[in-house]
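A quick write-up on the structure given underneath.
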């Protein structure tokens, strides 16, 4: 809305500024009809920023126009006619019509009456005779008959008060006088406001500015208005405010509807509302659905938290996100929210969570699916079962490797040289101190042959190695069907696949003392 704040001339809806102010004329006394011989003072108003030294006055009467220049902005008038004023650099004011009457009874009224104004009509008798009773008629009908007051007060003018008025006065001796008929026009204080919007088909998520535009006349430029905004005659978007602007910071599709605004005077005397304006909010369909993981690339350690992040490149409004497993056809969950991103958390990841995942997004135009993301689950680092086995096929290989180790130990002991020299452990003998050297060589490094075989519960392989103690070499060529009767140390090698993904395995040889630290692993001891 563009108001006439100060008296700078503003063009009505266009928003353009005129090049010069337009003055107005005020009357004192306020009547446009007076008796001949009386004086009316005219004042040229509307110069808030400067006081002109000279004013030009124009009088138009019976087809003739005269011009008078005055110092200052007042001018005393004694003659009928239409009067205008103009200052240097300003526009001409609107005309004011004055009538100096010679009738015995006149009806006096103000120059301009606007909606909401309180105005007075006065019946006046010439001469010294006083009126003792007055009647007022409106469009030929008596609307007031009183012997107590000579004035007719209309507290709040409306368009219904416009029409033909006349007064009838009585004096002593039952003499009656009738005034001339006077036409009273009730001028519009401001036109019906017009609601404008920055976009009648805005996109969801954007802001929209509403403006309630109207205009006050020059004569009432100081009238204060306040404004209100509605949707669908029910939803109040704003309280009454002196600002004709209202912003919807974020508009959604459910905000579509019929909008209108209202303008009202601060005294509530004049209230007007705009015509409805349809606003249809447009929704952008979702596109570019993407499934991401935290940790990245879908690699997660067992026991950690896995976060599946589903996002869209475009899409507005409430979006429903859902997560699925491609391999098991399982639906994992769904969320509906006004966002372009949503998360699904798996607090504790298990081996069973490994597989193929995808997500979908839908904001009313159908489900859009992301590409499949493969999730792998690894055992945590430092796990005791960190040695690598080649899987089911590696079982036989581990047995062969254990046998090779047995042969190596036997050969070195027989020859008496190599790394087993002076390192053969004797069976424990009461009173004798146990040798500080182990009975086995250092751990032998094994190359991983099958790195693509997943560990299963049956993949653990234990190879039994029996080493004959010294003093029993003579029995080595005898039948070995009853090795359990020999005094021997039993050495186990645990071979399995490391979950950490190392490329090599280790075969460890442990004596009977070390074997005590392995739970549920059988071992033999010498008597």
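In the numbering used here, the protein residues as written are -14 to 512. Backbone N, C-alpha and C fix where the C-beta goes; we use that ideal spot for every residue, glycine too.
Please work out which residues of its chain come closer than 6 Å, Cβ to Cβ, to residue 528, disregarding the five sequence neighbours upstream and downstream, and give them in chain order. For the chain, the structure presents residues -14 to 512; residue 528 sits outside this window and is missing.
Nearest-angstrom Cα separation, counted from residue 20 out to residue 150: Roughly 18 Å separates the two Cα atoms.
Hey, could you find the ends of the beta strand (DSSP E) residue 269 is sitting in? For residue 269, there is no enclosing beta strand (DSSP E), as DSSP marks it with neither H nor E.
One question on the structure: do residue 292 and residue 328 come within less than 8 Å of each other, judged by their Cβ atoms? Here residue 292 is near residue 328, since their CB atoms are less than 8 Å apart.
Note down, one range per segment and in chain order, each beta strand (DSSP E) of at least 3 residues found wholly within the region 135 to 160. Qualifying beta strand (DSSP E) stretches, in chain order: 136 to 139 and 148 to 156.
Three-pair Cβ contact test at 8 Å for the region 302 to 314 versus the region 347 to 358: By the Cβ criterion, the region 302 to 314 is in contact with the region 347 to 358, since at least three pairs of Cβ atoms, one from each stretch, lie closer than 8 Å.
Using a Cβ-Cβ cut-off of 8 Å (strictly less than) and excluding sequence neighbours within five positions of residue 110, which residues of its own chain qualify? The residues are 89, 90, 116, 154, 156 and 162.
Separation of residue 70 from residue 179, as counted between CA atoms: CA-to-CA, the gap between residue 179 and residue 70 works out to about 32 Å.
Taking buried to mean at least 16 other C-beta atoms within 10 Å of its own C-beta, is residue 377 buried or exposed? Note that residue 377 has pLDDT 35, beneath the 50 cutoff, so the model's placement of it is unreliable and no number is given.
Can you give me the Cβ contacts of residue 517 inside the same chain, cut-off strictly under 7 Å, excluding the 5 residues immediately before and after it? The chain is shown from -14 up to 512; residue 517 falls before or after that span and cannot be answered.
Looking at chain C, is there any beta carbon in it that lies within less than 8 Å of the beta carbon of residue 222? Of the protein chains in this structure there is only one, and it is not chain C.
Do you know offhand how far residue 479's Cα is from residue 360's? With a pLDDT of only 40 at residue 479, under 50, the local geometry of the prediction cannot be trusted, and no value is derived from it.
Helix, strand or coil for residue 338? Go by DSSP, reduced to three states. If DSSP states are grouped into helix, strand and coil, residue 338 belongs with the helices.
Does DSSP put residue 38 in a helix, a strand or coil? The answer is coil: DSSP assigns residue 38 none of H, G, I, E or B.
Measure the C-alpha to C-alpha separation of residue 208 and residue 271 and round it to an integer number of angstroms. Residue 208 and residue 271: Cα-Cα distance of roughly 50 Å.
Cβ neighbours of residue 16 in the same chain (closer than 6 Å, five flanking residues each side left out): The residues 93, in chain order, have a CB closer than 6 Å to that of residue 16 in the same chain once the five nearest residues on each side in sequence are set aside.
Once you ignore the five residues that flank residue 42 on each side, which residues in its own chain have a CB closer than 6 Å to its CB? The answer, listed in chain order, is 53, 60 and 70.
Please identify the residue among 263, 195, 257 and 83 whose C-alpha is closest to the C-alpha of residue 217. Nearest to residue 217 by C-alpha distance, out of 263, 195, 257 and 83, is 263.
Residue burial classification, residue 68 (beta-carbon count within 10 angstroms, cutoff 16): Looking at its Cβ environment, which holds 16 or more other Cβ atoms inside 10 Å, residue 68 is buried.
Nearest-angstrom Cα distance between residue 45 and residue 80? Those two C-alpha atoms are separated by around 9 Å.
Ignore the nearest five residues each way along the sequence and tell me which others in residue 83's own chain have a CB closer than 7 Å to its CB. Here residue 83 has 17, 25, 62, 65, 66 and 68 as same chain residues with Cβ atoms under 7 Å from its own Cβ, once five neighbours each way along the sequence are excluded.
If residue 186 sits next to residue 99, beta carbons under 8 Å apart, how far is it from one beta carbon to the other, in whole angstroms? Not quite, the Cβ-Cβ distance comes to about 38 Å (not below 8 Å), so this is no contact.
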